[in-house]
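To start, the structure itself, in C-alpha cells.
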Amino acid sequence: MSLIHKKTKKQKNLAMVIVGDRCIGCDACYVSCKTDWDVPAMKEAFRTKVFEVEGEDVHGNPTIGFLPTLCNHCDNAPCVDVCPTGASFKRDEDGIVLVEPDMCIGCKACMVACPYDARYYNEEEQTVDKCTFCLPRISNGLDPACVATCVGESRNFGDLNDTNSNVSKMLKDATSVYKLKEDEGTSPNVYYVTLNY
Amino acid sequence: MRRHNISRRGFLKLAGASSVAITAGITGLPSPLKASAKQEATRGARFLKYDRGVESPSFCEMCFWNCGVNVYTRKGVIHKLEGNKLNPNNRGHLCAKGNAGIQSTYDADRIQSPLIRTGKRGEGKFKKVSWEEAYKYVYKKLNPLIDEFGPETLATFMHGTGEPYPHMLTMAIGSPNITIPAYSQCMGSREMAWALTFGTGVSGHETFDMSNSKHMIIFGRNMAGSVQVREAEDFAEGLARGSRLTYIDPRQSESAVRATDWLQINPGTDMALALGFIHVIIRDNLANMDFARKYCYGYNELSKHIKKYTPKWASEKTGIDAKTIERIAWEFAKDAPNVVAIPARRMTRYGNDTQTVRAIAILNALMGNWGVPGGIFIRSKVPVNFPKEELPDAPDARRADGVGEGEKYPLAPTSLGRTNGIYEATLTKKPYPIKAWILYGTNPLSHSSIGVNNLYKAIDNLELLIAIDTQFSDTVMYADVIFPESTYLERYDAPFVQKDKTPFIALRKPAVKPIYDTKGCFEICKGIAKEFDLDDWFEKSPKEQVEELSQVLSKEQMETLEKDGVLLFEDVDPYPNASGSALNFSTSTGKVQLYVKDLEEMAKKQGDDFSPLPVYKDPVMPKEGEFRMLFGRTPHHSHARSQNNWVLLELQDDTPVWMNPKDAKKMGFKDGDMVSLVNAKTEHKSDHSERLKVTKRIKEGSVFIHHGFGHTTKAWTRGYEKGTKENWFISDGVDPLSGAAAFHNGFVKVVKA
C-alpha cells in the first residue's frame, strides 16, 4: 500500500457509527483499547471512554445516557492544523488522523485544539497519543478493538465510500443522526444514530 | 462514580463548556519545525503492522459466566484477550472485566508461593514454604481434628472452575460439608422456586430468550449492569428489535434506563406486584388456557387464591399505581406467548425470596411461554457419553448446614449446601464443631450472611483454615496455610461442558507458563490428598481429561474443537412447544405446578411461608431515621475479587452512598457530603467515609452502594480500603424454604463523616 501525503481524494472514508441506545455503559471498549495499545495505567490516559450522563426528563424523572467517545478523525482536524512539526496528520487514503511519535515534540498544542478532548499525553512514551481507528488492526483484517468487544454491538466501523458497507446502510436506515460539536466546523467522522428496526 | 472521576479530561468540555482545564500555552509554541524527508516518508508506517501473536483457547474466569476467550501471546507474554466469536456465552465480545483478565495474571500482589502463617491470625505474617511443607502442614493439623471430631469437622467452600478437586478431596476425607456459595449466597431461592414450578432450575446460564422477546418484565435483574455477556447482548438485542421492557427496581440501574416502564417499587414487595399481575390476568381471562389445560396443575386453586390480591391491594403494597399494574398485565398478555418474566439472579433479598420467584414463575406459566421463542428456551445436553468418573461414597455423617432429609431445609440440594449454614455451625458449634475450612476462591468476609462480626468469631473457632486461591483476600489473610493457584491463563482445566440452547464444549489451555510458584487446583488437592493416602481418587489431570476427549469425540469434532476452542452441537430444538412437540416436566405431578402439592404437608406444620401458592407477607421495615441498605453490581467489577485490578479501578474505585433527595433534605445533607454508614443493629460504623450521591435514582427510605469494595487486606496495594464493605451492613436473614440468605433487611443510619 502506498503510504502518505499523496494529495488524492480519500479512497476510503472510514467512520464509526455508534447506535446510541445499544450502549449499556459496560466500558469493555475502554479496557480492550487500553490493553491492546499499552495505554498507561492512569485515569487520564485513554483513547476511548464512555461517559455516563445523568439528567431529568420533562416530568422530573431521572434519566441516564451513555456516550461513547473517541477521536472523531475530523475532515477539518484542528489538531492537524496546529501541529508545528507535522506529527499530527490526516491520512489521504482513508482520513485517519494519526500522531507520528518520532515527530511529536510534546508541545500539546493539538490537545488544546481538539474540541473533543480525544488526546492525552503519554508520559512513558513522551508523546501525544490518541485513537488510530485501530489502523494496525484494520490493516490486518481485524475490527478495531473497541468494536470487536462491544457487548451491546453499539459500535460499528467501516467505509462510508462503500455504499454496501454496514455503516453506510446504518446511516441510510437511521431515524436520527448526529455528530458531536458539528458547529465547530470539524466535520467529524463518528456518527451517533438511532435505528428503527 | 465515573462522572466525578473525571479530572483533566472532563465531560464538561465535551458538553460544550469551551476549552476549560487545558491552557497549555499556545503562545509559547516553538516555531514550526520542518520534518525531514525521511520522517515524511516513514510517517505513520508503524501503524500498519500488527503482530497478533500466538493464539490459544480458553474461557474466562473473571466471573462465573465463562465466556469464550482467545488468548494472544507475543514472545511468551500475554498481549490481548479477545472474545471467541463461536462461543455461545459471549459471541466474540468480552466485558470490561473479561478484557482486564491479563492484569490478574501479571500482578505482583498475587500469592507467589505456598505460605504458612507465622504471626497472629489476620496479621498478614507468613513464611514462604515448599509445597511439601505446606501439604505436610495440612496433614499434621487436620488429621488430629479428624480423629477427635470426625471427618465432618472439615467444611469446604468452592467457587471457580477447579471446584471438582476440593470437592473430591473433601468427599474422600469423608466430610459431607461441601458448599457452593452460588446457592445460598446467590441463586438458591430462584432455583428452588423454578424447580418446584417447572421441575428444573433457571440454571446459571439463564434460559430467558430475551433477544426474541416482545415484552420482558424484569424484577430487579440488572441485565445491562451485571454484564454476563450473552445476557447483556440478548437484552440489548431484544430492545433494539422493539421489545417492551417493564423493569422493577427501587434503584434506577443501567437496565432501568432502557425500560418502557421503570417501576420504582417499594423494596421487598415484588411478590405483591407479581400477584397483582396474576390477578388481572386471571380476572380478565388473559391466561393462555390451552397451555394451562394441557400442562398446568392447580389452575382452579390459583384462581381462588388470587382473588384477594387485587391491583388496588398490590398498589398499596408496592407504591405502583393500580392502573399501571392493570395496563402492564394487559400488554404482557397481549404479546404472549413471546414474553418473559424474569426474577433476580442473586435472589438473596427479603427472606420471602422463594415464594416471590414462585409468583414470577406462575406469571410465566400463565403466558404459556415454556419452550417458545421470546419466552423460556429449553436447554439440551451435550450429546456425548463422557467417561464416568468414580467418586468416593457419600459420607455417612449428617451435614452441619441443615440440608438433607429430616433436616430444617429438606428441599435444599446436598450437592450445593448452605454456605450460611456452615458459617452458623462454625460459630455456634451446633450441630457439631466445625474445626477446619478449605476456602477455594471464596472470600466470606467480603460477602456472607451472618455479619462480619460473627464471621470473625466463627473464624476464631477454627483450628485450621486452608486457602486455595490465585490472590489474597480479606479471608485468605486469616488462613493458616495458603496454596497459590495458577490463574486461568496459566493452567489447563477440564473440558467445559455446557447444557444450553446450543450445547457446547469449550477448551482451556495454558497461554503461558505460571509466572510464580503456583499450581492448578487439581495438583494442589492431589498433593494434599497424597498425605492422607487418598491421591488415588485424583486419577486424571485436567490436561489428561482434555486429551481423553479424543476417545469420545470423532476425529472431525476433535479437529474443530482444537481449531476453534469450542465445539457446538446445533442439532437441538430450544423451542419444542413452538414446534409442536410434547413437553415434559419433571415435577412430582409431571406438570407445571401453579399449585405445589409437595408443599402441602410442610405448609400445614409450618405455615404460610411454605404455602403451595405464594402468600404475601409485608417486609420488615426500618425505624424512623434508619434506611434500608441495598447493594448491587457495578458493570466494572466482579464479586469481591477484582477491586485490586488497576484498569478496573480506573473505571470505579469508590462506593458513593445513593440517597433520595427527599431523604437528604430531611437529613440536612447535600450532594457530595462525606458520610459514613452505621449498622442500626450492631452499631458498627464504617471506617470509611463515602461521598453522598443525592439522586432520584434511589427510592425514598433506602440507600444503595455497589458490592465488592472495602477490602482490608494490605496485600492489595491498589484496592486496599477503597470503598465501603457492604457486608458490615446487610441482614442475616434466611429464606425458610430454600435456606438461602436474605441480605436486604439490613438497616443503617447515615451520619456525617
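The listed protein sequences correspond, in order, to chains P and U. Under my numbering, the first residue of the first sequence carries the number 1, and numbering increases by one thereafter. Under my numbering, the first residue of the second sequence carries the number 1001, and numbering increases by one thereafter. Backbone N, C-alpha and C define an ideal beta-carbon position, used for all residues, glycine too.
Simplified DSSP state of residue i, which is helix, strand or coil
| i | result |
| --- | --- |
| A1256 (chain U) | helix |
| E1055 (chain U) | strand |
| S1226 (chain U) | helix |
| M1602 (chain U) | helix |
| D1536 (chain U) | helix |
| T1579 (chain U) | The identity of residue 1579 (chain U) in the sequence shown is Ser, whereas the question assumes Thr. S1579 (chain U) falls in the coil class under three-state DSSP. |
| C1296 (chain U) | strand |
| K1567 (chain U) | Correcting the residue type first, residue 1567 (chain U) is Leu in the shown sequence and not Lys. Of the three classes helix, strand and coil, the one that applies to L1567 (chain U) here is strand, per DSSP. |
| I1248 (chain U) | strand |
| L1464 (chain U) | strand |
| Y1616 (chain U) | coil |
| S2 (chain P) | Residue placement at S2 (chain P) cannot be trusted, given a pLDDT of 38 that sits under 50; the coordinates are not used to answer. |
| S1731 (chain U) | coil |
| V1748 (chain U) | strand |
| V1596 (chain U) | coil |
| L1507 (chain U) | coil |
| K1555 (chain U) | helix |
Enclosing beta strand (DSSP E) for residue i [first to last residue]
| i | result |
| --- | --- |
| W37 (chain P) | Per DSSP, W37 (chain P) belongs to no beta strand (DSSP E) and is neither H nor E. |
| T1073 (chain U) | 1068-1074 |
| W1437 (chain U) | 1436-1440 |
| D1261 (chain U) | 1261-1263 |
| T63 (chain P) | 62-69 |
| I18 (chain P) | 14-19 |
| Y192 (chain P) | 190-194 |
| H1706 (chain U) | 1702-1706 |
CB contact below 8 Å: residue i versus chain U
| i | result |
| --- | --- |
| M103 (chain P) | yes |
| S139 (chain P) | yes |
| T149 (chain P) | yes |
| R47 (chain P) | no |
| P188 (chain P) | no |
| T198 (chain P) | Chain P is shown only over 1 to 197; residue 198 (chain P) falls outside these bounds and no answer can be derived. |
| A77 (chain P) | no |
| K43 (chain P) | yes |
| G152 (chain P) | yes |
| E100 (chain P) | yes |
| T63 (chain P) | yes |
| P136 (chain P) | yes |
Below-8 Å beta-carbon distance, residue i vs any chain P residue
| i | result |
| --- | --- |
| G1220 (chain U) | no |
| R1697 (chain U) | yes |
| H1093 (chain U) | yes |
| I1102 (chain U) | yes |
| G1124 (chain U) | no |
| Q1039 (chain U) | yes |
| R1043 (chain U) | yes |
| L1771 (chain U) | An answer regarding residue 1771 (chain U) cannot be provided, because it is not within the stretch 1001 to 1753 covered by chain U. |
| D1109 (chain U) | no |
| E1055 (chain U) | no |
| A1024 (chain U) | With a pLDDT of only 35 at A1024 (chain U), under 50, the local geometry of the prediction cannot be trusted, and the value read off the model is given with reservation. Yes, its Cβ sits closer than 8 Å to a Cβ of chain P. |
| A1511 (chain U) | no |
| V1257 (chain U) | yes |
Extent of the continuous alpha helix (DSSP H) to which residue i belongs
| i | result |
| --- | --- |
| L1416 (chain U) | Careful: L1416 (chain U) lies outside any alpha helix (DSSP H) and carries neither H nor E. |
| R1190 (chain U) | 1188-1198 |
| A87 (chain P) | Careful: A87 (chain P) lies outside any alpha helix (DSSP H) and carries neither H nor E. |
- Name the residues in the region 3-37 of chain P whose C-beta lies less than 8 Å from a C-beta of chain U; which are they? L3, I4, H5, V19, D21, R22, I24, G25, C26, D27, A28, Y30, V31, S32, K34, T35, D36
- Using a beta-carbon distance cut-off of less than 9 Å, what residues from the region 157-176 of chain P approach chain U? none
- Item | Under 9 Å (Cβ pairs) to chain A, residues found in the region 1607-1637 of chain U | As a matter of chain content, chain A is missing from the structure shown, whose protein chains are P and U.
- Completely contained beta strand (DSSP E) runs for the region 1058-1132 of chain U, where each covers 3 or more residues: 1068-1074, 1077-1083, 1115-1117, 1126-1128
- Item | Chain-ordered residues of the region 1221-1255 of chain U with a beta carbon less than 7 Å from chain P | A1224, V1227, V1229, A1232, E1233, A1236, A1240, R1241, G1242, Q1252, E1254
- Taking a Cβ distance cut-off of 8 Å, strictly less, list which residues of the region 1549-1582 of chain U are near chain P, in chain order. none
- Which of the residues in the region 1647-1671 of chain U, read from start to end, lie with their CB under 7 Å from any CB of chain P? V1647, E1650, L1651
- Just by C-beta distance, which residues in the region 1434-1457 of chain U are closer than 9 Å to chain P? none
- Select from the region 69-95 of chain P all residues with a C-beta closer than 7 Å to any C-beta belonging to chain U, and list them in chain order. T69, P84, T85, G86, F89, R91
- Give, in chain order, every residue of the region 1064-1087 of chain U whose Cβ lies closer than 7 Å to some Cβ of chain P. K1080, E1082, G1083
- Task: Return the chain-ordered ranges of every alpha helix (DSSP H) run that is complete within the region 1289-1355 of chain U and spans a minimum of 4 residues.
- Result: 1289-1295, 1299-1306, 1311-1318, 1322-1334
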